[in-house]
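> Under numbering that gives the first Met the number 0, the residues of the sequence shown are numbered 0 to 131, in order.
From the three backbone atoms N, C-alpha and C, an ideal C-beta is built for every residue, glycine too.
On a predicted model such as this, the values are computed, not experimentally measured, just so you know.
Here you go, one structure.
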Amino acid sequence: MRALTNEFLMKDFKKLTVYQKAIALEDEVDEIVKTFPPIERYRLEDQLVRAVTSIGANIAESNGLPYVNRERYHLTIAFGSANEVKYWVGRACRKGYINEETCARLEEKAQEIRRIIAGMFKRFEGLRDESA
């Protein structure tokens with residue numbers, strides 16, 4: 000069983016670029032959904048906010064975990080949540096709640112987070128965690 004070193008355990012997730020980008024995206028989405036019609040409060044708005052919040056929360060939870068597979072697990076969820084954000088943003092665009100420019104900007108921000116997380120996965124190469 001191979002644990003991460005103290006170098007990883009002592010990191011402050013708030014200093015991670017990927018976390019900062021996730022929070023910036025979350026803040027932007029929080030402002031945008033305020034303009035959605037009330038009928039979308041418990042449909043599109045709720046789903047989009049849950050997905051975007053999941054990104055930062057899972058990045059935070061992954062950081063400092065003592066085992067590689069647990070850290071990778073939470074980053075995988077953050078990665079998927081960023082993709083889900085792209086879906087919900089696209090739906091908001093199709094419904095006419097946001098314009099094409101905003102849609103493209105938000106989707107690119109979510110994609111950038113995915114690229115950073117994909118890069119983070121590379122640091123796990125060669126590290127094995129025999130516990131789940």
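If we ignore side chains and look at the alpha-carbon of each, how far apart do L105 and P65 end up?
L105 and P65: Cα-Cα distance of roughly 33 Å.
> I think F35 touches Y96, with their Cβ atoms under 8 Å apart; what is that distance to the nearest whole Å?
5 Å between Cβ atoms; contact.
> Just to confirm, are A23 and I58 a CB contact at a threshold of 8 Å?
Contact: no.
> Could you round the C-beta distance between R49 and A81 to whole angstroms and report it? I think they count as a contact, below 8 Å.
Their Cβ separation, rounded to whole angstroms, is 13 Å, which puts R49 and A81 out of contact at 8 Å.
> In the DSSP assignment, what residue or residues form a beta bridge with Y86?
Bridge partners of Y86: none, in fact.
> Within a Cβ cutoff of 7 Å, which residues of the same chain sit near F123, ignoring the five residues on either side of it in sequence?
Around F123: V67 and R71.
> Rounded to the nearest angstrom, what separates E100 and S61 at their Cα positions?
If I take the Cα positions, the gap works out to 32 Å.
> Go through its chain and collect everything with a Cβ distance to V51's Cβ below 7 Å, but skip five positions before and after it.
Taken in chain order, the residues that qualify are L24, E25, V28 and V84.
> Excluding the 5 residues preceding and the 5 following I116 in the sequence, name in chain order all residues of the same chain whose CB lies nearer than 7 Å to its CB.
Closer than 7 Å at the Cβ level, and outside the excluded window around I116, lie V17, L74, A77 and F78.
> Measuring only the C-alpha atoms, how far is Q110 from I31?
Their backbone Cα atoms lie some 18 Å apart in a straight line.
> Please state the DSSP three-state secondary structure of P36.
Note: P36 maps to coil in three-state DSSP.
> Using only the alpha-carbon positions, how far apart do E39 and D45 sit?
Looking at the two C-alpha atoms, the distance is approximately 8 Å.
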